[in-house]
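Using the numbering used here, the letters of the sequence shown correspond one by one to residues 20 to 495. Even for Gly, the Cβ is constructed at its ideal location relative to N, Cα and C. These notes concern the structure reproduced below.
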Amino acid sequence: MSDRDRLIADHVSGVWADDVLPTLHDYIRIPCVSQAFDPDWKVHGHQDAATELIRAWCAARAIAGLTVEVHELPGRSPLIVAEVPAFAAAEASCPADDTVLLYGHCDKQPEMTGWRDHLGPWLPVQEGDRLYGRGGADDGYAAFASLLAIEAAQLAGTPHSRLIILIEASEESGSPDLPAYLEALAGRIGSPTLVLCLDSGCLDHERLWVTTSLRGLVGGDLRVDILTEGVHSGEASGVVPSSFRIARLLLDRLENSTTGELLLPELHEEIPADRRQQAADTAAEFPIGGHFPFVHGAQPMVHDPAQQLLARTWQPSLSITGVDGIPPIDIAGNVLRPHTTLHLSVRLPPTCDGEVALAAIERCLTTDPPYGATVQFLRGHSGPGWNAPTFAPWLQAALDDASIIAFGKPARAFGEGGSIPFMGMLGEMFPEAQFVITGALGPGANAHGPNEFLHVPTARRLTECLAHLLHAHATR
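Here you go:
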């Protein structure tokens, strides 16, 4: 390890321990749930509190030329924008106006049930290498890691290009506010040649993992109304159909309930040969099936490790993530309920057209409803998937070098099953840019679920990797 590498590692390690972790504790305490789950987010003020916490921390960094601002377009969630001019330009070989874009978000998923007794979504608890609490890993650490990487690079005298850092507050709602900001800030953002994003995951904590694809997303509420009010189930059942059974019939149009296969052709795409090979190579070393907390005796839907990776990255799938109209069992009377509402979350292949898929799903569910019931698909929305361009030779070498310096092993790549709508947007805006999508969400980290945790050593090492990648980009 060179003197520069050692200086970067020591500075990152010290600041993570003394400054980043205490601030992340404060961030976890803020219930800044994303706007889709908190329509009164502005009144509650939690997004503003989280934004200010991050802004203040970023603005205090010892970074030459740093500016940090909060932008808030009317009616939209806030956006933190930080800018850093090129540093040590004499050592750089890239054009003076070359730009790197770094991205993260500060909004959170809702609480979810099932947290262990001594844990909770807004309670930061550190156990060994794990920092528990909602949002620490998804994606609160990203802003701190990004700015600290820049600070460490400058402290070590490492050159970097002009940098733009965007920390948004609507990602967990599908980034509905981001396009307006990208348009408003287009002149300032310019045309980045490298995009760095820390909102993804890793298959282990032993190396730098880079995400090569992300699934798209369609979401919405399937509401079925059959009565104007609830009636005695003994009096009406057998004549009035259950709204839940009607919802089941409608879902059967969308999904084969035996296999989980989605039935609409608009939701499928051909899997590229290189992604199939990548899945086979990765699965041989890192079978994904064992990463999930199955109950005793339960089995995955598919058993072949390579097919498991493809199923969670390139095949569409349906999840029911919320229900309305059904009372808790302890207060449920013998009543035939008037309506049932299910929240549908449909993951799409990376190259699938989300708007076409959304229209197909809505048409499938609402056309010719059983028994003449009133069927609506409400709050329908879509987010694009993303398939990475091939890594340039300089970037592949830089990823391996950074991973070896920080982790001791070369980098690996894999497809991710989640969605980051921002990546699809930027992929269309900057088709010539190189993308590095990575993150600290490893096995068991459970983003969006109970007991979410950040693996602190991985986040710290990712911070080091960012500093080295900025150097490699500036001197490519």
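DSSP three-state label for S261, please. coil
Taking the alpha-carbon of G458 as reference, which of P211, A325, G404, G154 has the nearest alpha-carbon? G154
What's the gap between the Cα of D29 and the Cα of L85? 22 Å
Hey, quick one: how far does the beta strand (DSSP E) through W413 stretch, first residue to last? It is not in any beta strand (DSSP E) - W413 instead sits in the alpha helix (DSSP H) that spans 412-426.
Practice prompt. Please classify G147: is it buried, with 16 or more other beta-carbons within 10 angstroms of its beta-carbon, or exposed?
Written response: exposed
A292 by DSSP, collapsed to three states: which one? The three-state secondary structure of A292, taken from DSSP, is helix.
query: Just how far apart, CA to CA, sit T393 and V243?
result: 6 Å
* For the beta strand (DSSP E) that E254 lies in, which residues bound it at each end? -> Here E254 belongs to no beta strand (DSSP E); instead the alpha helix (DSSP H) covers 252-255.
What residue ranges within the stretch 99-157 form continuous beta strand (DSSP E) runs of no fewer than 3 residues, ordered along the chain? Runs of the beta strand (DSSP E) inside the stretch 99-157: 118-124, 144-146, 149-151.
Worksheet entry | Whole beta strand (DSSP E) elements within the stretch 361-416, 3-residue minimum | 393-402
query = Using the rule of at least 16 other Cβ atoms within 10 Å of the residue's Cβ for burial, across every protein chain shown, is N470 buried or exposed?
reply = buried
So the alpha helix (DSSP H) H487 belongs to, where does it begin and stop?
475-493
Residues that DSSP places opposite V52 in a beta bridge:
K127
When the Cα atoms are used, what is the spatial distance from I348 to P129?
23 Å
For L26, which residues of its own chain have a beta-carbon under 8 Å away from its beta-carbon, when the five flanking residues on both sides are left out?
A171, L174, A175
query: Nearest CA to the CA of E274: which residue from I339, T247, P260?
result: I339
(message) Can you tell me whether R74 is helix, strand or coil according to DSSP?
(response) Correct three-state label for R74: helix.
ask   = Nearest CA to the CA of I49: which residue from A36, I73, V39?
value = I73
For this session: Kindly indicate which three-state DSSP category D24 falls into: helix, strand or coil?
Result: helix
V314 burial status per 10 Å Cβ neighbour count (16 or more: buried): By the neighbour-count rule (16 or more Cβ atoms within 10 Å), V314 is not buried but exposed.
Check for me: the alpha helix (DSSP H) holding A325 runs from which residue to which? 324-330
Practice item. Go ahead and label G427 buried or exposed: buried means 16 or more other beta carbons lie within 10 angstroms of its beta carbon, across all protein chains shown. Key: G427 comes out exposed.
Since L363 contacts G239 with CB under 8 Å, what's their CB separation in whole angstroms? 6 Å
Going by DSSP in three states, R267 sits in which element: helix, strand or coil?
R267: helix per DSSP, three-state reduction.
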